[in-house]
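Reading through the structure tokens given below for one structure.
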Amino acid sequence: MCGAASLKYLQGYPVELQQQVRQLIADDRLGGYLAQRYPGRHDVQSDKALYGYVMALKQEHLKNAPGIDKVLYDNRLDLTHRALGLHTAISRVQGGKLKAKKEIRVASLFRDAAPVFLQMIVVHELAHLKEAEHNKAFYKLCDYMLPGYAQIEFDLRMYLTWREMSGA
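Okay, here's the thing in structure tokens:
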């Protein structure tokens, strides 16, 4: 049976759910469960394709949100920094004016993830264009852009647990 440390991505969830995941791990069924529930991998492989993907979601759900200047996969974002995606606003002085450039970076591990996991990370980062904090309004916006967001986030956390255990 696995210890609590191996469920670090699920620490905020009820003990009963954590126990169900522990049982899947003990029965060596977690990987199979995830593969069955989330088969296949997306084809958004380049930074250019990721930019197009993000902009299409933004256009569909957040037309009036601030623009995004840069979108890319980032090899430096990883689980040790507890960042799977990152949104930043970088301010620079240009010709006496202050210009803010908004960026979205997605951890490179999502190049090989199921399509809905990439969508979940992008939706999460896009929601930060409207809501800075992880509050009720933030999660309501996430669920608006991706119905079932909370379940997908939980399953993503199980996927991260499985990846770490399997050394993927």
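Quick note on the working numbering: the sequence shown kicks off at 9 and runs consecutively.
Every residue, glycine too, gets a C-beta built ideally from N, C-alpha and C.
Computed from a predicted structure; not experimentally measured.
In the DSSP assignment, find the unbroken alpha helix (DSSP H) run with residue i in it and report its ends.
| i | result |
| --- | --- |
| K148 | 144-153 |
| L134 | 123-135 |
Are the beta-carbon atoms belonging to residue i and residue j less than 9 Å from one another?
| i | j | result |
| --- | --- | --- |
| F118 | Y59 | no |
| L42 | M166 | yes |
| A115 | G48 | no |
| L154 | V124 | yes |
| L15 | R37 | no |
| L126 | H69 | no |
| D77 | K110 | yes |
Using DSSP with H/G/I as helix, E/B as strand and the rest coil, what is residue i?
| i | result |
| --- | --- |
| R165 | helix |
| L70 | coil |
| Y61 | helix |
| P22 | coil |
| R49 | coil |
| K16 | helix |
| K56 | helix |
| R171 | helix |
| R30 | helix |
| A108 | strand |
| A115 | strand |
| D35 | coil |
| G183 | An answer regarding residue 183 cannot be provided, because it is not within the stretch 9 to 176 covered by the chain. |
| A140 | coil |
| G75 | coil |
| G40 | helix |
Excluding sequence positions up to five away, which residues of its chain have a Cβ less than 6 Å from the Cβ of residue i?
| i | result |
| --- | --- |
| V79 | L58, Y59, V62, I112 |
| A158 | none |
In its own chain, which residues sit with a C-beta less than 8 Å from the C-beta of residue i, not counting the 5 before and 5 after it?
| i | result |
| --- | --- |
| R45 | D163 |
| N83 | S116 |
Between which two residues does the beta strand (DSSP E) carrying residue i extend?
| i | result |
| --- | --- |
| K78 | 78-82 |
In chain order, what residues of the same chain lie with their CB nearer than 7 Å to the CB of residue i, ignoring the 5 residues before and after it?
| i | result |
| --- | --- |
| S174 | G39 |
| Q53 | R119 |
| E161 | M128 |
For the ligand SAH, I want to know if residue i counts as a neighbour, meaning its beta carbon is within less than 8 Å of at least one of the ligand's heavy atoms.
| i | result |
| --- | --- |
| V130 | The ligand SAH is absent from the structure shown, which contains no ligands of any kind. |
Between the segment 70-83 and the segment 134-141, do at least 3 Cβ pairs fall closer than 8 Å? Because the criterion of three Cβ pairs below 8 Å is met, the segment 70-83 and the segment 134-141 touch.
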